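Under the UniProt record's numbering, the first residue of the sequence shown is numbered 1, with each subsequent residue one higher. Even for Gly, the Cβ is constructed at its ideal location relative to N, Cα and C. Since the model is a prediction, treat every value here as computed from it, not as a measurement.
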Amino acid sequence: MKALAFNNLCFFQQMELVLKGTRLAKRDAGQYYVYLYNVRDLYVEVFYEVGTDIIEHMKAFSGTRRLSPYIEEIVIS
């Protein structure tokens, strides 16, 4: 699946796929906690609103360029 296809899915379809993925890291981003998941051949950021733990949105991407905020958090074993 390509990132664009994931991003065009409805929230519930995205969530179903994320729950089958692997959580890799977490970062703070102002009013959000952002969790990074590996889903198939994609990375997915899940944005939780601080204080409510409500998922605001999800965004998928491929490649490694957008991983820099997570480098210290990702454990490769």
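- Under a 10 Å Cβ-count criterion, A5 is classified as exposed, with fewer than 16 other Cβ atoms of the shown protein chains found around its own Cβ.
- For E45, the enclosing beta strand (DSSP E) stretches over residues L42 to E49.
- Taking C-beta atoms under 8 Å as the contact rule, V18 and V46 qualify, at a distance of about 6 Å.
- Between Y32 and E56 a beta carbon distance of about 6 Å is seen, short of the 8 Å cut, so the two are scored as contacting.
- For N7, the closest of K59, G21, Y70 and S68 by C-alpha to C-alpha distance is K59.
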